[in-house]
Amino acid sequence: MKTSVQRLPILSWWLGIGPLLVLLAGQGRALAVEGRAIASLAAQTVTTHELQEHVTVLAADAMEGRRAGSRGGYAAGNYLANRMHSYGLQPAGDDGTFIQLFQNGYRNILGWIPGADEHLKQELIVIGAHYDHVGYGSRATSLGPIGYVHNGADDNASGVAAILELIHAATQLQWRPRRSVLFAFWDAEEQGLLGSQYWLSRPTLPGHRVVACLNLDMVGRLRHHLEVYGSRTFFGARRLATSANEQSGLELQFPWELKANSDHYPFIARRIPTLMFHTGLHEDYHRPSDDLDKLNFEGLRRVAILAFGVVSQWADSPSRPEFREAVFGEDESTRESLEMPPAEPPGPLRVGISWRRDPADSASLFLTYVERHSPAWQAGLRRGDRIYGVDGLVFESDEQLQEHLRQVPGKSVMLVERRGILRSVEVALPEAGLTAGQGP
Numbered sequence: 000m001k002t003s004v005q006r007l008p009i010l011s012w013w014l015g016i017g018p019l020l021v022l023l024a025g026q027g028r029a030l031a032v033e034g035r036a037i038a039s040l041a042a043q044t045v046t047t048h049e050l051q052e053h054v055t056v057l058a059a060d061a062m063e064g065r066r067a068g069s070r071g072g073y074a075a076g077n078y079l080a081n082r083m084h085s086y087g088l089q090p091a092g093d094d095g096t097f098i099q100l101f102q103n104g105y106r107n108i109l110g111w112i113p114g115a116d117e118h119l120k121q122e123l124i125v126i127g128a129h130y131d132h133v134g135y136g137s138r139a140t141s142l143g144p145i146g147y148v149h150n151g152a153d154d155n156a157s158g159v160a161a162i163l164e165l166i167h168a169a170t171q172l173q174w175r176p177r178r179s180v181l182f183a184f185w186d187a188e189e190q191g192l193l194g195s196q197y198w199l200s201r202p203t204l205p206g207h208r209v210v211a212c213l214n215l216d217m218v219g220r221l222r223h224h225l226e227v228y229g230s231r232t233f234f235g236a237r238r239l240a241t242s243a244n245e246q247s248g249l250e251l252q253f254p255w256e257l258k259a260n261s262d263h264y265p266f267i268a269r270r271i272p273t274l275m276f277h278t279g280l281h282e283d284y285h286r287p288s289d290d291l292d293k294l295n296f297e298g299l300r301r302v303a304i305l306a307f308g309v310v311s312q313w314a315d316s317p318s319r320p321e322f323r324e325a326v327f328g329e330d331e332s333t334r335e336s337l338e339m340p341p342a343e344p345p346g347p348l349r350v351g352i353s354w355r356r357d358p359a360d361s362a363s364l365f366l367t368y369v370e371r372h373s374p375a376w377q378a379g380l381r382r383g384d385r386i387y388g389v390d391g392l393v394f395e396s397d398e399q400l401q402e403h404l405r406q407v408p409g410k411s412v413m414l415v416e417r418r419g420i421l422r423s424v425e426v427a428l429p430e431a432g433l434t435a436g437q438g439p
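Dropping the structure here:
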């Protein structure tokens, strides 16, 4: 008989090792541990100094705003290709180069690390950022004034710099991911996502199947939180991002909206699991004032570290992410329905919580109600928190979880995620026997 309760060390389960240990043995287990170790080592090699060096070059007046097909755009593309070569990345453009040429002289800049696993190396993880901007601006592209260099330090020299640092870290550490990893700098994003769409229609790595994509766009102005778009495009996405966030400790937000406003969208349109990182719009967006001195380089470093964590998990996991067709029918009203508290609070409650399961992540218990002054309330739990494990157990059945919480003596230890940050919460319980609250 198939059991629906899994007992594992709860912290290991959360951090992504637990599922791998269930699925892997022997050498596979070593690969799982190696994937986490490489992400930790990479975090130590990403520096604010090198990030600032890259942005200083890309957002200089001499680049003339990096408009696609322009003199400045070509200079920026050459800088990126030269960096890829100097870091030891393998070319992934046309004819053994780092460049894929397409309409109007536009150029994608592409390099890759071939996968080391005989069975998984034909699967491809893509991490990309557009390197073009709007040049001197126009009525169609600038929020004014026109005729001055729009340096685009945040949009998107920031995302490009982060990926350059990831390439440097990966090659320094001689990372050998199980799946192949493509590092892509897209051109002509500002003209309508042309570079990423062109590569998808004419991929330069024939025979490789893209199984996941991460896009970095405007990640240099970290203030309070990082926005993670696309978390509904595949099952377990929020759990993946939060586990990868261990090294960065960023506050994460997970918007549900999907718009064709950056290079993540062509991948989503092709049913490819995709995330996009973004630190938010600001008053300098598409203006000449988007300059180097306004970037938060420590924040950018933390975003880069998180990006490496996500990509390394995708690259080394024994299974690939599964796309959710339901994402195309979800919007903010769907989210509000999921998060809506019960019409009448259940009771009596031993713990003081009610929950619903998130259809995008069956292991996630979304708290819809926390009774004021209950044991859960006093332990710091609040509506909107997500629980990923209880007392070292992961429950597939609400009924089994309810029974467990009715009977567990003394206290219960819950693994709780709030805004992308994981913490262990100990809930002191009254005598056993009262109900624990219910999901739907």
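Residue numbers (numbering that gives the first Met the number 0): 0 to 439. Positions of the beta carbon are idealized from the N, C-alpha and C atoms, including for glycine.
Query raised in the report: Can you list, in chain order, the residues of its chain whose CB lies under 6 Å from that of Leu100, leaving out five sequence neighbours each side?
Result: For this step, residue 100 is matched to residue 101 along the sequence shown. Within the same chain, Leu100 has close Cβ partners Arg106.
Requested in this report: In the DSSP assignment, find the unbroken alpha helix (DSSP H) run with Ala183 in it and report its ends.
Outcome: Numbered from its first residue, the sequence shown carries residue 183 at position 184. Not the alpha helix (DSSP H): Ala183 falls in the beta strand (DSSP E), residues 179-185.
Query raised in the report: Going by beta carbon distance, what residues of the same chain come within less than 8 Å of Trp121, once the five residues before and after it are set aside?
Result: The sequence position of residue 121 within the sequence shown is 122, counting from 1. The displayed chain sequence assigns Gln, not Trp, to residue 121. Answer for Gln121: Gly114, Ser179, Gly206, His207, Arg208, listed in chain order.
Report task. Could you spell out the range, first to last residue, of the alpha helix (DSSP H) harbouring Gln190? Result -> One-based indexing of the sequence shown puts residue 190 at position 191. Per DSSP, Gln190 belongs to no alpha helix (DSSP H) and is neither H nor E.
Query raised in the report: Quick one: Cα of Ala169 to Cα of Ala41, how far?
Result: For the purposes of this step, residue 169 is taken as the residue at position 170 of the sequence shown. For the purposes of this step, residue 41 is taken as the residue at position 42 of the sequence shown. If I take the Cα positions, the gap works out to 7 Å.
Query raised in the report: For Ala240, which residues from the same chain have a beta carbon less than 6 Å from its beta carbon, with the 5 sequence-adjacent residues on both sides left out?
Result: Start at 1 with the first residue of the sequence shown, and residue 240 comes out as number 241. So the qualifying residues of the chain are Val227.
Requested in this report: Assuming Gly104 contacts Gly158 (C-beta within less than 8 Å), just tell me the rounded distance between them.
Outcome: Within the sequence shown, numbered from 1, the residue matching residue 104 stands at position 105. Within the sequence shown, numbered from 1, the residue matching residue 158 stands at position 159. Actually they do not touch by this definition, with Cβ atoms about 23 Å apart.
Requested in this report: Find out if the Cβ-Cβ distance for the pair Leu192, Tyr264 is shorter than 8 Å.
Outcome: Working through the sequence shown from its first residue, we reach residue 192 at position 193. Working through the sequence shown from its first residue, we reach residue 264 at position 265. Contact: yes.
Requested in this report: Go through its chain and collect everything with a Cβ distance to Asp116's Cβ below 6 Å, but skip five positions before and after it.
Outcome: Numbered from 1 along the sequence shown, position 117 holds the residue referred to as residue 116. These residues qualify, in order along the chain: Arg177.
Query raised in the report: How big is the Cα-Cα spacing for Ala362 and Arg334?
Result: Start at 1 with the first residue of the sequence shown, and residue 362 comes out as number 363. Start at 1 with the first residue of the sequence shown, and residue 334 comes out as number 335. Straight-line Cα distance between these residues: approximately 17 Å.
Report task. Quick one: measure Cβ to Cβ for Phe443 and Leu50, integer angstroms, because I've assumed they're closer than 8 Å. Result -> Residue 443 is absent from the structure shown; the chain starts at 0 and stops at 439.
Report task. Helix, strand or coil for Ala67, going by three-state DSSP, please let me know. Result -> As a working mapping, residue 67 is identified with position 68 in the sequence shown. Looking at Ala67 - three-state DSSP - the assignment turns out to be coil, as it is neither helix nor strand.
Query raised in the report: Cα separation between Ile162 and Leu142?
Result: Translated into the one-based positions of the sequence shown, residue 162 becomes position 163. Translated into the one-based positions of the sequence shown, residue 142 becomes position 143. Using only the alpha carbons, I get a separation of about 27 Å.
**Report entry** Beta-carbon proximity list for Ala325, same chain, < 6 Å, skipping 5 on both sides
**Finding:** What you label residue 325 is simply residue 326 of the sequence shown in a count that begins at 1. None.
Report task. Return the CA-CA distance between Asn260 and His277, expressed in angstroms with no decimal places. Result -> As a working note, residue 260 is residue 261 in the sequence shown. As a working note, residue 277 is residue 278 in the sequence shown. About 12 Å.
Query - Reference Gly87, options Val389, Asp384, Ser373, Gln173, closest by Cα - result: To locate residue 87, count along the sequence shown from 1; it is residue 88. Measuring from the Cα of Gly87, the nearest candidate turns out to be Gln173.
Report task. Look up Trp111 in the DSSP assignment and say whether it is helix, strand or coil. Result -> Counted from its first residue, the sequence shown places residue 111 at position 112. Residue state, collapsed to three classes: strand.
Query raised in the report: Among the residues of its own chain, which have a CB less than 7 Å from the CB of Val369, if the five just before and after it don't count?
Result: As a working mapping, residue 369 is identified with position 370 in the sequence shown. Within the same chain, Val369 has close Cβ partners Gly351, Ile352, Ala375, Trp376, Leu380, Arg381, Arg382.
Query raised in the report: Around the Cβ of Leu421, are there at least 16 other Cβ atoms within 10 angstroms (buried) or fewer (exposed)?
Result: If you number the sequence shown from 1, residue 421 lands on position 422. Buried, because 16 or more other Cβ atoms sit within 10 Å of the Cβ of Leu421.
**Report entry** Rounded straight-line distance, which links the Cα of Ile98 to that of Leu337
**Finding:** Translated into positions along the sequence shown, residue 337 becomes position 338. Translated into positions along the sequence shown, residue 98 becomes position 99. Cα-Cα distance, rounded: 45 Å.
Requested in this report: Using the Cα positions of Gly134 and Thr96, report the straight-line distance between them to the nearest angstrom.
Outcome: For the purposes of this step, residue 134 is taken as the residue at position 135 of the sequence shown. For the purposes of this step, residue 96 is taken as the residue at position 97 of the sequence shown. One C-alpha to the other measures close to 26 Å.
Query raised in the report: Helix, strand or coil: how does DSSP classify Arg385 here?
Result: Taking the first residue of the sequence shown as position 1, residue 385 is located at position 386. If DSSP states are grouped into helix, strand and coil, Arg385 belongs with the strands.
Query raised in the report: Residues in its own chain within less than 6 Å of Cys212 by CB, not counting five upstream and five downstream?
Result: Along the sequence shown, one-based indexing puts residue 212 at 213. Same-chain partners within the cutoff: Val125, Phe266, Ile271, Thr273.
Query raised in the report: What's the gap between the Cα of Ala427 and the Cα of Met413?
Result: Numbered from its first residue, the sequence shown carries residue 427 at position 428. Numbered from its first residue, the sequence shown carries residue 413 at position 414. Whole-angstrom Cα-Cα distance: 11 Å.
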